[in-house]
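Asks: Quick note: the sequence shown uses this note's numbering, first residue 113, plus one each step.
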Amino acid sequence: MGRIAVTDGMDDSAVKHLQEMGHEVVLQHYSADELATGALSAFDAVVIRSATKMTAQVINNSSGRNGNLKLIGRAGVGIDNIDLPIATNSKIAVCNTPGASTHAVVELTIGHLLACARHITTGDRTLREGEWAKKQLRGSELSGKRLGLIGFGRIAQGVGQAARSLGMTLHTYDPYLPAEVAADEHCQLHDEIDKVFRLCTHISIHCNLTDETHHLVNAERMKMMPGVGIDDVPCGNHIVNCARGGIVDEVALLEALESGTVTSAALDVFEEEPALDNPILQHRNFHGTPHIGAATIEAQSRIGEEMATLLIDFFNGRKPKSILNPEIF
Numbered sequence: 113m114g115r116i117a118v119t120d121g122m123d124d125s126a127v128k129h130l131q132e133m134g135h136e137v138v139l140q141h142y143s144a145d146e147l148a149t150g151a152l153s154a155f156d157a158v159v160i161r162s163a164t165k166m167t168a169q170v171i172n173n174s175s176g177r178n179g180n181l182k183l184i185g186r187a188g189v190g191i192d193n194i195d196l197p198i199a200t201n202s203k204i205a206v207c208n209t210p211g212a213s214t215h216a217v218v219e220l221t222i223g224h225l226l227a228c229a230r231h232i233t234t235g236d237r238t239l240r241e242g243e244w245a246k247k248q249l250r251g252s253e254l255s256g257k258r259l260g261l262i263g264f265g266r267i268a269q270g271v272g273q274a275a276r277s278l279g280m281t282l283h284t285y286d287p288y289l290p291a292e293v294a295a296d297e298h299c300q301l302h303d304e305i306d307k308v309f310r311l312c313t314h315i316s317i318h319c320n321l322t323d324e325t326h327h328l329v330n331a332e333r334m335k336m337m338p339g340v341g342i343d344d345v346p347c348g349n350h351i352v353n354c355a356r357g358g359i360v361d362e363v364a365l366l367e368a369l370e371s372g373t374v375t376s377a378a379l380d381v382f383e384e385e386p387a388l389d390n391p392i393l394q395h396r397n398f399h400g401t402p403h404i405g406a407a408t409i410e411a412q413s414r415i416g417e418e419m420a421t422l423l424i425d426f427f428n429g430r431k432p433k434s435i436l437n438p439e440i441f
């Protein structure tokens with residue numbers, strides 16, 4: 113049976129499931145220094161979220177001649193905090209739970225789109241400050257507007273379905289997407305990202321963070337966005353990111369908010385977290401949440417059970433369903 117470290121928390125039912133199958137589960141968060149000096153070397157597997165960084169140094173000091181680590185489980189989707197090539201070279205399986213949090217992130221994204229269009233956060237702030245800003249906070253409807261989806265995976269498709277039900281027209285840029293997938297979802301696929309920014313009053317980010325997508329949403333692209341919907345309503349323009357921090361240039365975004373180039377923005381993810389000192393938090397038209405995209409009771413239960421199944425399969429000699437480096441198996 114395996115010895116499993118869970119560094120960033122896990123649903124109680126999943127922990128119990130693993131223990132009932134005979135595995136030892138240790139719930140313990142480690143500092144970056146502890147990880148770098150081999151804190152995980154005595155474990156066969158580790159389950160992490162975004163807070164734990166599995167760098168080359170951490171992996172090398174936890175596997176091979178230096179340790180027992182054989183699997184890294186990402187309880188969530190993004191793996192920008194895992195050095196996948198080094199893990200693969202070290203024969204460490206890496207897997208994630210790509211479908212478990214989809215619905216939760218879809219709902220939060222739609223919530224942020226609505227918050228931007230209807231000034232929900234701004235209204236709350238001004239009300240608490242003693243201002244009855246009814247006339248100043250006239251918003252716009254999502255209906256009759258173009259929504260640009262940057263990336264078109266499971267979450268973007270779910271957001272698109274919800275947005276269509278609210279009367280939005282869908283556009284996407286995803287260089288890896290078969291055209292028929294976009295067509296099936298009633299979404300126009302573009303071959304250039306700038307076309308999406310020039311067309312859409314509302315942009316929602318749904319791609320992974322890579323060297324290619326770092327600061328993909330920059331000052332130049334923010335200036336491209338129109339401020340009038342296809343219904344000729346002057347709705348302004350709005351940017352939402354519930355994907356990964358670093359895809360949106362936050363310095364450029366704050367400047368765009370201050371100049372009025374961007375009407376409002378909502379981020380659930382930030383380049384540096386926790387983002388308590390980020391100056392963008394002080395802007396009247398900024399809407400923020402502390403990386404809670406997958407933070408629902410239902411999603412956490414699904415993530416935990418999916419991860420438990422992946423671990424049990426691995427320790428029983430079966431290839432985990434969502435393994436990201438199957439070549440090592």
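Every residue, glycine too, gets a C-beta built ideally from N, C-alpha and C.
Quick caveat: nothing in here was measured; it's all calculated off a predicted structure.
Taking T373 as the reference, give the member of A355, G341, L388 and H350 with the closest Cα.
Replies: Working through the sequence shown from its first residue, we reach residue 373 at position 261. Checking every option, the nearest Cα to that of T373 belongs to H350.
Asks: Figure out for me which residue from R240, R230 and L254 has the closest Cα to the Cα of K247.
Replies: Walking along the sequence shown from the start, residue 247 turns up at place 135. Cα-wise, what sits closest to K247 is R230.
Asks: Return the first residue and the last residue of the beta strand (DSSP E) that L388 is part of.
Replies: Working through the sequence shown from its first residue, we reach residue 388 at position 276. From DSSP, L388 is part of no beta strand (DSSP E); its letter is neither H nor E.
Asks: From the DSSP output, read off the bridge partner residues of E136.
Replies: Taking the sequence shown and counting its residues from 1, one reaches residue 136 at position 24. E136 is bridged to R115.
Asks: If you follow the alpha helix (DSSP H) that A407 is in, where does it begin and where does it stop?
Replies: The residue you call residue 407 lines up with position 295 of the sequence shown. It is not in any alpha helix (DSSP H) - A407 carries neither H nor E in the DSSP assignment.
Asks: Identify the continuous alpha helix (DSSP H) that holds R186 and give its terminal residues.
Replies: Counting from one through the sequence shown, the residue named residue 186 turns up at place 74. Taken as a continuous stretch (DSSP letters only), R186 belongs to no alpha helix (DSSP H), being part of the beta strand (DSSP E) at L183 to R186.
Asks: On the three-state DSSP scale, how would you describe I262?
Replies: Taking the sequence shown and counting its residues from 1, the one referred to as residue 262 is at position 150. Note: I262 maps to strand in three-state DSSP.
Asks: Do D192 and N320 have their C-beta atoms closer together than 8 Å?
Replies: Indexing the sequence shown from 1 puts residue 192 at position 80. Indexing the sequence shown from 1 puts residue 320 at position 208. For D192 and N320, yes; Cβs fall inside 8 Å.
Asks: Leaving out five residues before and five after E410 in sequence, what residues of the same chain have Cβ atoms less than 8 Å from its Cβ?
Replies: What you label residue 410 is simply residue 298 of the sequence shown in a count that begins at 1. These residues qualify, in order along the chain: H215 and A216.
Asks: With 16 as the cutoff for other CB atoms within 10 Å, does F427 come out buried or exposed?
Replies: For the purposes of this step, residue 427 is identified with residue 315 of the sequence shown, where counting begins at 1. So F427 ends up on the buried side.
Asks: According to DSSP, simplified to helix, strand and coil, what is V345?
Replies: Here residue 345 refers to the residue found at position 233 when the sequence shown is read from its first residue. Note: V345 maps to coil in three-state DSSP.
Asks: In three-state terms, what does DSSP make of M122?
Replies: By 1-based counting over the sequence shown, the position of residue 122 is 10. M122: coil per DSSP, three-state reduction.
Asks: Thinking C-beta only, is T313 closer than 8 Å to R396?
Replies: Sequence index remark: in the sequence shown, residue 396 carries index 284 (1-based). Sequence index remark: in the sequence shown, residue 313 carries index 201 (1-based). Taking 8 Å as the Cβ cut-off, R396 and T313 do not qualify as a contacting pair.
Asks: Can you have a look at M122 and say buried or exposed, based on whether 16 or more other CB atoms are within 10 angstroms of its CB?
Replies: Residue 122 sits at position 10 when you count from the first residue of the sequence shown. M122 comes out buried.
Asks: Spell out the partners DSSP gives T284 in its beta bridges.
Replies: The residue you call residue 284 lines up with position 172 of the sequence shown. In DSSP, T284 forms a bridge with L261 and L301.
Asks: What first and last residue would you give for the beta strand (DSSP E) that runs through I317?
Replies: For the purposes of this step, residue 317 is taken as the residue at position 205 of the sequence shown. Residues H314 to I317.
Asks: Return helix, strand or coil for F398, following the three-state DSSP convention.
Replies: Position 286 of the sequence shown, counting from 1, holds the residue named residue 398. F398 falls in the strand class under three-state DSSP.
Asks: Terminal residues of the continuous beta strand (DSSP E) containing S376?
Replies: Taking the first residue of the sequence shown as position 1, residue 376 is located at position 264. Where S376 is concerned, the enclosing beta strand (DSSP E) stretches over S376 to L379.
Asks: Under the rule that 16 or more other beta-carbon atoms within 10 Å means buried, what is A151, buried or exposed?
Replies: Locating residue 151 in the sequence shown gives position 39, where the first residue counts as 1. Buried is the call here.
Asks: Between which two residues does the alpha helix (DSSP H) holding A88 run?
Replies: Not covered by the structure: residue 88. The range shown for the chain is 113 to 441.
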